[in-house]
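Asks: Once you've had a glance at the structure underneath, I'll fire off some questions.
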Amino acid sequence: MIKKEMIAMLLAGGQGSRLGVLTADVAKPAVAFGGKYRIIDFPLSNCINSGIDTVGVLTQYQPLRLNSHIGIGIPWDLDRNNGGVTVLPPYEKSNNSEWYTGTANAIYQNLRYMESYNPEYVLILSGDHIYKMDYEVMLDFHKENNADVTIATMPVPMEEASRFGIVIADSNKQITAFEEKPEKPRSNLASMGIYIFSWQVLKDALIAMKDEQSCDFGKHIIPYCFDNKKRLFAYEFNGYWKDVGTLGSYWEANMELIDLIPEFNLYEEYWKIYTKSDTIEPLYVASEGHCERSIIGDGTENYGYVQNSVIGSNVKIGRGAVIRDSIIMRDVVIGDNCTIDKSIIAENSQVGNGAVLGVGEEAPNVLNESVYSFGLVTIGEDSVIPDNVKIGKNTAITGVTVQEDYPDGMLASGGVIIKAGDRK
Amino acid sequence: MKAIGIILAGGNSKRMKELSRKRAISAMPIGGAYRCIDFALSNMSNSHIQTVAVLTQYNSRSLNEHLSSSKWWNFGRKQGGLYLFTPTVTAENSDWYRGTADAIYQNLDFLKRRHEPYVVITSGDCVYKLDFNKLLDYHIEKKADITVVCKDMMPNTDVGRYGVVRMNEDARIVEFEEKPLLAQSNTISTGIYVIRRRLLIELLEKSAEESRYDLVNDILIRYRNVKKIYGYKMTTYWSNVADIDDYFRTNMDFLRPEVRDYFFRQEPRVYSKVDDLPPAKFNVGSDVSNSLVASGCIVNGKVQNSVLFKQAFVGKNCVIKNSIILNDVYIGDNCYIENCIVESRGTLKPNTYYCGEDEIKIVSEKNDRYLF
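Spelled out as structure tokens, the structure:
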């Protein structure tokens, strides 16, 4: 019988609606990050670097990109005879077929997958954070404390603690109380949404709570374990950990990589981050090209001026183009003489010659003020921007747009053009 | 599949100077992210030749490391695979490979056990793309015994270090001279051959009996009037990396858009081992122009008309001109490097000056990397 000490269950089904048009067609974990990576590469690499070789990836929302990215797990060495990576979408049952209605419900629907590995511990991860973490150290902590549940936490500034789920622990790190976004926090340990369960405890809780609507770890399973006097411990993590849930934090986390010695360093030999590399050729900077304070992916051809930016693989940047403070994802073509400021341009898009992105004063977004803010221009994947148009701040565009979509050749700050169904 | 492949990768050349100390030519880094042998391997793979033997002899550590997994070139399947043959001591034989023919002869069992009718033989030290299926079709159509892939060199090229051939109007090779003092034509052999597997076995056994060990001299040239040897002209990019100047020029060729387009953009692709390196990083003060920069590089200085291979680090206020920086080189601050090839894993102290005056200079410096 197969026996794995610890297996990981990675929740990758969420849309990440606060990323706006970036996640219109892909799940958040499949969104590009840091030039050549995707967000899910970080938890997957953490798994293999921590010695976990069995990972179930739970998918639901727009899984195509995720499926093709993960494949059989070759980039992460997760192609195994026993275990390895398995993509777990919702499936039809003889009765009561349903989507994954909540994080714990998704795990519950895959009880048999977990059971087949006969694990002692199950690690629950989410696919939307950027961090490097050794889950084995957390497991050691779990074992030392003879815990039933260990919750990874990290200290946050006290003044920001009211934005997080806060745990309160005694001097032995045993959890004594939870507070969800408390007004007056009693601790600054924020839950990271990473849990280690002893298998039997998880199984019992999932079965007991199986009829709960939209069963969620934070809202239902953890309180259930707590109320049933299980031993819950807080593992304190003190490294870089970034939630990239909003366009602002996504943009910021990318920009942090450009620092001279970034807090989150991809250039260390230790704890490598793996990804599917389908482009391997070097990048080219032309005689008239310039790059400064930027990271640039393989195969990109730069004939323009790039500053403070994160550029993906296989991007083509035209002559006279100026790109500043922007994220350009793979396979994007930037026309000649464009000026692009503080923009996020998703995969396989095309920006026409002479287009100017990120001009003028900020104005609130007409569609969703809380999503499209931070002064960013956000362009969804497979989009086309015609020649010589001007685009203001806090804007969003997706689809193949033409001159007629831009009255007077301009999309004012706060504007939105969404041409659903039109793909390049 | 109709053919199996043999890649002759044992070669070394004095003309590669210090660069050949560390590795066989087939393992030389090319084009920023590749090794020389990647081109032959990718051609095999892209032509659906599934069984490929790589014959190595000279300092093969670097090559072995590169070939540690065959999956990058899509080998390692249930049908076929990538075989690495180095000389071994057996009950009958304890010699090194005494020549290219001997290298194959010593692994004759490999040839005998296969069932494919043809063998494609190529060397591991050439940069090119070729569809071997078209070559095979030509070979069959011509009813040839052996087909040699040939290339017309530019009129002013010194062809004296190649095998020079002359063909008749039917493309049959009527003259074949190895490294001629006075060349009769500017058509050369690229070292790529097709031959029937059984004929190859027969010729190798006969040559071995006569203590003849060289594929070109003892088979191609010796049999040119007895066997039907045809030439197949290739017109696309082909470069043989045999000396420092060739090596330098071949890498610099990748700065030309048409060469990059041919190898990087057009199908079929060239594959190589994946190193999982982060994207290249350009810090404040970096000023790169007309250069290739591979993944894992960190650039703080000025780089001009150069190729930076993987994981090169260029310090502040450096000037790198017209040079090739091989894998994992660390260049300290304020260095000046012009017309140089900096050997891989080298560490240059700050304020180092190197300039190749009349010829390309090879820089091989081993310093403690983390002392300064």
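Chains A and B, in that order, are what the protein sequence lines are. Taking this note's numbering, I'd label the letters of the first sequence as residues 28 to 451. Taking this note's numbering, I'd label the letters of the second sequence as residues -11 to 360. Beta carbons: idealized from backbone N, C-alpha and C, even for Gly.
(1) For the alpha helix (DSSP H) that contains A/Tyr251, what are its first and last residues?
(2) Quick one: using the 10 Å Cβ neighbour count with 16 as the cut-off for buried, is B/Cys138 buried or exposed?
(3) Name the chain A residues whose beta carbon is nearer than 7 Å to that of B/Leu29?
(4) I'd like the span of the beta strand (DSSP E) that includes A/Ser370, first residue to last.
(5) Tell me, please, which residues DSSP counts as bridged to B/Ser70.
(6) Please confirm if B/Lys290 has its CB atom under 8 Å from at least one CB of chain A.
(7) Could you please give the first and the last residue of the uninterrupted alpha helix (DSSP H) stretch that includes B/Arg49?
(8) Using a Cβ-Cβ cutoff of less than 6 Å, which residues in the same chain neighbour A/Tyr88 once the five nearest sequence positions on both sides are dropped?
(9) Quick check on A/His96 - is its C-beta less than 8 Å from some C-beta in chain B?
(10) Report back the beta-carbon spacing between A/Asp414 and A/Gly379 to the nearest angstrom; my notes put them in contact at under 8 Å.
(11) Between B/Ile209 and chain A, is any beta-carbon pair separated by less than 8 Å?
(12) Using a Cβ-Cβ cut-off of 8 Å (strictly less than) and excluding sequence neighbours within five positions of B/Arg49, which residues of its own chain qualify?
(13) Can you tell me where the beta strand (DSSP E) with A/Leu216 in it begins and where it stops?
(14) Taking the alpha-carbon of B/Asp356 as reference, which of B/Tyr342, B/Ile350 and B/Lys337 has the nearest alpha-carbon?
(15) Assuming contact is defined by CB atoms lying nearer than 8 Å, are A/Ala188 and A/Ala217 in contact in what I supplied?
(16) So, under 8 Å CB-CB, A/Val176 and A/Leu85 are touching, yes? Tell me the CB distance rounded to an integer number of Å.
(17) Does the beta carbon of B/Pro267 come closer than 8 Å to any beta carbon on chain A?
(18) Using the three-state DSSP reduction, which class does B/Ser238 fall into: helix, strand or coil?
(19) Mark B/Tyr358 as exposed unless 16 or more other C-beta atoms lie within 10 angstroms of its C-beta, in which case mark it buried.
(20) Please determine whether the Cβ atom of B/Phe164 lies at a distance below 7 Å from any heavy atom of the ligand MN.
(21) Quick one: which residues of the segment 4 to 18 of chain B get their C-beta closer than 9 Å to a C-beta of chain A? List them in chain order.
(22) Where do the ends of the beta strand (DSSP E) carrying B/Asp275 lie?
(23) Which of the three DSSP states is assigned to B/Gln292 in this structure?
(24) Can you name, in chain order, every residue of its own chain whose Cβ lies under 8 Å from the Cβ of B/Phe360, other than the five neighbours on each side?
(25) Provide the residue span of the beta strand (DSSP E) that contains A/Ala36, from first to last.
(26) Just checking: is the beta-carbon of B/Cys343 within a distance shorter than 8 Å of some beta-carbon in chain A?
(27) If B/Ala282 and B/Ala21 are in contact, beta carbons under 8 Å, what's the gap, nearest whole angstrom?
(28) Should B/Ser111 be labelled buried (16 or more other beta-carbon atoms within 10 Å of its own) or exposed?
(29) Looking at chain A, is there any beta carbon in it that lies within less than 8 Å of the beta carbon of B/Leu280?
(30) Considering A/Cys74, what are the terminal residues of the alpha helix (DSSP H) in which it resides?
(31) Show which residues of chain A have a CB atom less than 7 Å away from the CB atom of B/Phe252.
(32) Entirely within the segment 407 to 435 of chain A and at least 3 residues each: give me those beta strand (DSSP E) ranges in chain order.
(33) For A/Ser44, which residues from the same chain have a beta carbon less than 8 Å from its beta carbon, with the 5 sequence-adjacent residues on both sides left out?
(34) Can you give the Cα-Cα distance for B/Tyr85 and A/Ile350, rounded to whole angstroms?
(35) For B/Leu265 versus A/Tyr311, is the C-beta distance shorter than 8 Å?
(36) With 8 Å set as the bound, which would you pick, yes or no: does the beta-carbon of B/Ser294 sit closer than that to a beta-carbon of chain A?
Replies: For this structure:
(1) Your numbering for residue 251 of chain A matches position 224 in the first sequence. A/Tyr251 -> alpha helix (DSSP H) spans Ile249 to Asp254.
(2) The residue given as residue 138 of chain B occupies position 150 in the second sequence. Classification for B/Cys138: buried.
(3) Reading the second sequence from its first residue, position 41 is the one you call residue 29 of chain B. Here the premise fails: no neighbours, minimum Cβ distance about 14 Å.
(4) Counting from one through the first sequence, the residue named residue 370 of chain A turns up at place 343. A/Ser370 -> beta strand (DSSP E) spans Ser370 to Ile372.
(5) Residue numbering aside, residue 70 of chain B sits at position 82 when the second sequence is read from its first letter. Here residue 70 of chain B turns out to be Leu, not Ser, going by the sequence shown. DSSP lists B/Val40 as partners of B/Leu70.
(6) In the second sequence, counting from the first residue as 1, residue 290 of chain B sits at position 302. Output row for B/Lys290: interface = no.
(7) Within the second sequence, the letter at position 61 stands for residue 49 of chain B. Unbroken alpha helix (DSSP H) run through B/Arg49: Arg49 to His54.
(8) Residue 88 of chain A sits at position 61 when you count from the first residue of the first sequence. So the qualifying residues of the chain are Gly40, Gln42 and Ala54.
(9) Taking the first residue of the first sequence as 1, we reach residue 96 of chain A at position 69. Not one chain B Cβ lies under 8 Å of A/His96.
(10) Within the first sequence, residue 414 of chain A is the residue found at index 387, counting from 1. Within the first sequence, residue 379 of chain A is the residue found at index 352, counting from 1. Contact holds; Cβ gap of about 4 Å.
(11) Here residue 209 of chain B corresponds to residue number 221 of the second sequence, with the count starting at 1. Taking Cβ atoms only, chain A never reaches closer than 8 Å to B/Ile209, which makes this a no.
(12) What you label residue 49 of chain B is simply residue 61 of the second sequence in a count that begins at 1. So the list reads Arg11, once near-sequence residues are dropped.
(13) On the first sequence, residue 216 of chain A is found 189 positions in, with the first residue counted as 1. It spans Leu216 to Ser225 - the beta strand (DSSP E) in which A/Leu216 sits, taken as one unbroken run.
(14) For the purposes of this step, residue 356 of chain B is taken as the residue at position 368 of the second sequence. Minimum Cα distance to B/Asp356 is reached at B/Lys337.
(15) In the first sequence, the residue the question calls residue 188 of chain A occupies position 161. In the first sequence, the residue the question calls residue 217 of chain A occupies position 190. Yes, these two residues count as a Cβ contact at 8 Å.
(16) Stepping through the first sequence from its first residue, residue 176 of chain A is reached at position 149. Stepping through the first sequence from its first residue, residue 85 of chain A is reached at position 58. The Cβ separation is near 19 Å, so there is no contact.
(17) One-based indexing of the second sequence puts residue 267 of chain B at position 279. B/Pro267 counts as touching chain A.
(18) One-based indexing of the second sequence puts residue 238 of chain B at position 250. Looking at the sequence itself, residue 238 of chain B is Thr, so the reference to Ser does not match. Correct three-state label for B/Thr238: helix.
(19) Within the second sequence, numbered from 1, the residue matching residue 358 of chain B stands at position 370. By the 10 Å Cβ count, B/Tyr358 comes out exposed.
(20) The ligand content of the structure shown is nil, which means the ligand MN is not present either.
(21) none
(22) Stepping through the second sequence from its first residue, residue 275 of chain B is reached at position 287. From DSSP, the beta strand (DSSP E) with B/Asp275 extends over Asp275 to Ser277.
(23) Counting from one through the second sequence, the residue named residue 292 of chain B turns up at place 304. Looking at B/Gln292 - three-state DSSP - the assignment turns out to be strand.
(24) The sequence position of residue 360 of chain B within the second sequence is 372, counting from 1. Only weak support is given to the placement of B/Phe360: the predicted model assigns it a pLDDT of 47, under 50, and the question is left unresolved by the model.
(25) Taking the first residue of the first sequence as position 1, residue 36 of chain A is located at position 9. According to the sequence provided, residue 36 of chain A is Met. The question's Ala does not apply to it. Where A/Met36 is concerned, the enclosing beta strand (DSSP E) stretches over Met33 to Leu38.
(26) What you label residue 343 of chain B is simply residue 355 of the second sequence in a count that begins at 1. No, because no Cβ of chain A sits closer than 8 Å to the Cβ of B/Cys343.
(27) Position 294 of the second sequence holds residue 282 of chain B. Position 33 of the second sequence holds residue 21 of chain B. That belief holds up - the Cβ atoms of B/Ala282 and B/Ala21 are roughly 5 Å apart, short of 8 Å.
(28) One-based indexing of the second sequence puts residue 111 of chain B at position 123. Buried, by the Cβ-count rule.
(29) What you label residue 280 of chain B is simply residue 292 of the second sequence in a count that begins at 1. Yes - at least one Cβ of chain A is within 8 Å of the one on B/Leu280.
(30) In the first sequence, residue 74 of chain A corresponds to position 47, counting from 1. Here the alpha helix (DSSP H) through A/Cys74 covers Asp68 to Asn76.
(31) Here the question's residue 252 of chain B lines up with position 264 in the second sequence. Within chain A, the residues near B/Phe252 are Glu308 and Gly326.
(32) 417 to 419 and 422 to 425
(33) Position 17 of the first sequence holds residue 44 of chain A. Within the same chain, A/Ser44 has close Cβ partners Thr50 and Val398.
(34) Residue 85 of chain B sits at position 97 when you count from the first residue of the second sequence. Residue 350 of chain A sits at position 323 when you count from the first residue of the first sequence. Distance between the alpha carbons of B/Tyr85 and A/Ile350 is about 56 Å.
(35) Counted from its first residue, the second sequence places residue 265 of chain B at position 277. Counted from its first residue, the first sequence places residue 311 of chain A at position 284. No, the Cβ-Cβ distance between B/Leu265 and A/Tyr311 is not below 8 Å.
(36) To locate residue 294 of chain B, count along the second sequence from 1; it is residue 306. Judged by the 8 Å Cβ criterion, B/Ser294 is not in contact with chain A.
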